[in-house]
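Data first, discussion second: the structure below is written as C-alpha cells.
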Amino acid sequence: MKNSERYWARPLKLKNGFYIEVRNKGGKNAMKIRSENKKEMEDAAALYGSYKDKDVIILGEYKAGIPFTEVS
Numbered sequence: 022m023k024n025s026e027r028y029w030a031r032p033l034k035l036k037n038g039f040y041i042e043v044r045n046k047g048g049k050n051a052m053k054i055r056s057e058n059k060k061e062m063e064d065a066a067a068l069y070g071s072y073k074d075k076d077v078i079i080l081g082e083y084k085a086g087i088p089f090t091e092v093s
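Using our numbering, you'd call the opening residue of the sequence shown number 22 and step up by one each time.
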C-alpha cells in the first residue's frame, strides 16, 4: 500500500503580488493569502485581524518568488 501523504520536496514559489500570512493563535500552520495590490492586502489583513482567534503577519510584496524592497 502506498503512503497517501504528500511530500513537498521543494519550497513553494510565490507569484508576484502582496502577501499576508494568517494562522490560528498558538498554531503552527499558516495560510498565505495573495492580493493584487497593496490596498487589497491591507483590507484582507484588517478583515482577518478583526477575528480574535487569528494572528496576521504582513509579508509584503513578492516578485519572482522573493521579497521585493524598493531602493530609494
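Note that CB positions come from ideal geometry on N, CA and C, so glycine has one too.
Discussion item. Quick check on this structure: which residue in E82, S56, M52 and K36 has the alpha carbon closest to the alpha carbon of K75?
Written reply: Counting from one through the sequence shown, the residue named residue 75 turns up at place 54. It is M52 whose Cα lies nearest to the Cα of K75.
Worksheet item: Based on Cα-Cα distance, which residue from I87, Y40, P88 and A85 lies nearest to A66?
Response: As a working mapping, residue 66 is identified with position 45 in the sequence shown. Comparing Cα positions, the closest option is Y40.
Practice prompt. Following the continuous beta strand (DSSP E) through L80, name the residue where it begins and the one where it ends.
Written response: In the sequence shown, the residue the question calls residue 80 occupies position 59. Element bounds for L80: K75 to K84.
Discussion item. Rounded to whole angstroms, what is the Cα-Cα separation between N50 and V77?
Written reply: Taking the first residue of the sequence shown as position 1, residue 50 is located at position 29. Taking the first residue of the sequence shown as position 1, residue 77 is located at position 56. Near 12 Å, if we compare the C-alpha coordinates of V77 and N50.
Discussion item. If distances are taken between C-alpha atoms only, which option among I79, L33, A85 and G86 comes closest to K143?
Written reply: The displayed coordinates of the chain run from 22 to 93. Any statement about residue 143 would go beyond what the structure contains.
Worksheet item: Taking Cβ to Cβ, would you say S56 is nearer than 9 Å to G38?
Response: Within the sequence shown, residue 56 is the residue found at index 35, counting from 1. Within the sequence shown, residue 38 is the residue found at index 17, counting from 1. A contact, by the Cβ cut-off of 9 Å.
Worksheet item: Mind checking whether Y69 and V43 have CB atoms under 9 Å apart?
Response: The residue labelled residue 69 in the question sits at position 48 within the sequence shown. The residue labelled residue 43 in the question sits at position 22 within the sequence shown. Yes; because the gap between Cβ atoms is below 9 Å, this pair is in contact.
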